Amino acid sequence: MSQGNAAAGLLATSGHAAQNYHYAQQQQHQQHQSNMAQSKGLDAANYQNQALYARLGNPLSNAPVTAPAMYGNPGSGASSGQGAGNSAAGHSMPTNSVPVAATGENETLYQLMVELFSATNREQALAELSRRRDQNPDLGVALWNAYGVMTILYQEIIAIYPLLNPPALTMPVSNRACNSLALLQLVATHEQTRMQLLKANVPQLLYPFLSTTSKAKQYDNLRLTSLGVIGALVKYDNHEVISFFVATEFLPLCLKIMDIGSELCKVVATFIFQKIILD
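This note's numbering applies: residue 38 is where the sequence shown begins, and numbers increase by one.
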């Protein structure tokens, strides 16, 4: 087997393994949420929306809010090492929790997140959330903890794997995936969710995008936005983050982008490469 085919096989294997992991975790999460909703006399969708609404409303208050405030009991903490499903699945919503009324932009963000669950509205909701991503500094935390939202983002990313080789990606499909990646970057940037994203091995879902060789703009945009997620993780000089990318053989992908990518891709890839080798 050639070195290229072997690398492609490894990338495909890692992508499938990550997909299976997140699917199993999400199934556990959904069962937990259904049980909690039933105990409160709600259906699962209403329980989900109450929790999500409460989380987006909390930034309006002056008190600091942590991830367990959405699903956990008052005073309980969540380990930073939990994965995408486990970050919420191990907690129950406080019995005295009352959804906080969000106003203005927070309410708009909430509605857009709810629309992600509609196949008809999802593409537009992704685009709007990406466009408004700077309007709430805690949006990344809300995305990570909201019921089912991260799984939707993973699905959007994984869905275009078959279009990478042979190249069959169109610009609209690429833009849709880039909007999902831009939201992932919010999660990667926030201090409360950065390490959880890493320990769930989510960055490996992006490696198939980084391994593409087509110089067409739709592929270059995917590479650039994927590098943005990884750049958000490495810029804080955390040794655990650096070790992750060394162990998962990210550096060869980075070097290849420095060779074939656009000028902007080369700049970002060079920044990431320097952060890793200088650690």
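By construction, the Cβ of each residue, glycine as well, lies at the ideal position given by its N, Cα and C atoms. Everything numeric in this text was worked out from a predicted model, so none of it was measured.
Apart from sequence neighbours up to five positions away, the residues of its chain that approach arginine 213 with a beta-carbon distance below 8 Å are Glu160, Leu163, Ala164 and Glu193, ordered along the chain. Here isoleucine 197 is buried: its Cβ has 16 or more other Cβ atoms, across all protein chains shown, within 10 Å.
Within the same chain, Cβ atoms closer than 6 Å to the Cβ of lysine 312 are found at Val271, the five residues on either side in sequence being excluded. From the listed residues Ile189, Ile297 and Leu235, the smallest Cα separation to alanine 156 is found for Ile189.
Under a 10 Å Cβ-count criterion, aspartate 296 is classified as exposed, with fewer than 16 other Cβ atoms of the shown protein chains found around its own Cβ. Per DSSP, phenylalanine 246 is one residue of the alpha helix (DSSP H) stretching across 244-247. Contact check for isoleucine 309 and leucine 243: beta-carbon distance about 12 Å, past the 8 Å limit, so the pair fails to qualify.
By the C-beta density criterion, valine 283 is exposed, having fewer than 16 other C-beta atoms within 10 angstroms. Taking C-beta atoms as the reference points, valine 266 and leucine 218 count as a pair closer than 8 Å. In terms of CA proximity to alanine 205, Ser251 leads the group Pro174, Ser251 and Ala225. Distance between glutamine 241 and threonine 145, taken at the CA atoms: about 31 Å. Across the structure, leucine 220 and aspartate 171 are spaced so that their CA atoms are roughly 10 Å apart. Within the same chain, and ignoring the five residues on either side of isoleucine 294 in sequence, the residues whose Cβ sits closer than 8 Å to its Cβ are Leu247, Arg260, Leu264, Cys302, Lys303 and Ala306. Counting only residues of its own chain and dropping the five nearest sequence neighbours on each side, asparagine 216 has a CB closer than 7 Å to the CB of Leu163, Ala164 and Ser167.
Judged by their CB atoms, threonine 249 and tyrosine 256 are nearer to each other than the 8 Å cut-off.
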